[in-house]
Amino acid sequence: MSLTEEQLIATVTRLTSTRLTEYLAAEIVIPEQTDEGLVYHSLDVARLELACELHDQYEMEPDALSMMISLIDQMHGLRAELREVLNAVEAQPDPIRKQLIEVIGTARFRRR
């Protein structure tokens, strides 16, 4: 999905042109530059919907929103990496998997 600025504002109901300008300055979204101009994608729509919701609900400023969304992005990345590790552990033969679980569990409780 590729959207122009007009289409984006029509899609994200709480988004205004002024708000979009503020969000662009804070780099909450970075549109793709094409021969036809700037275009936005479905990920941009999701980020802008979240930004508008946080802005309205908590009166967060664009720079704070940018930091918050960056932290959410990092959390999602870590969750994906953890899922890969868990899948790798699950794919191991039973004795190795049990040993890994024991080591991971021991390390987890040792840090507390």
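Anchor point for the sequence shown: position 94 equals 95 in the working numbering, and the numbering is continuous, going up by one each time.
Glycine included, C-beta positions come from ideal geometry on N, C-alpha and C.
- Between residue 72 and residue 52 a beta carbon distance of about 13 Å is seen, past the 8 Å cut, so the two are scored as non-contacting.
- Residue 40 and residue 99 have their C-alpha atoms spaced approximately 49 Å apart.
- Fully contained in the segment 27-77 are the following beta strand (DSSP E) runs of length 3 or more, in chain order: 33-35 and 38-40.
- In this structure residue 10 touches residue 17 by the C-beta definition: roughly 7 Å separates them, less than 8 Å.
- In this structure, the alpha-carbon of residue 32 lies about 11 Å from that of residue 24.
- At a Cβ-Cβ threshold of 9 Å, residue 21 and residue 49 count as neighbours.
- Under the DSSP assignment, residue 93 falls outside any alpha helix (DSSP H); it carries neither an H nor an E label.
- Taking the Cα positions, residue 8 is about 11 Å away from residue 42.
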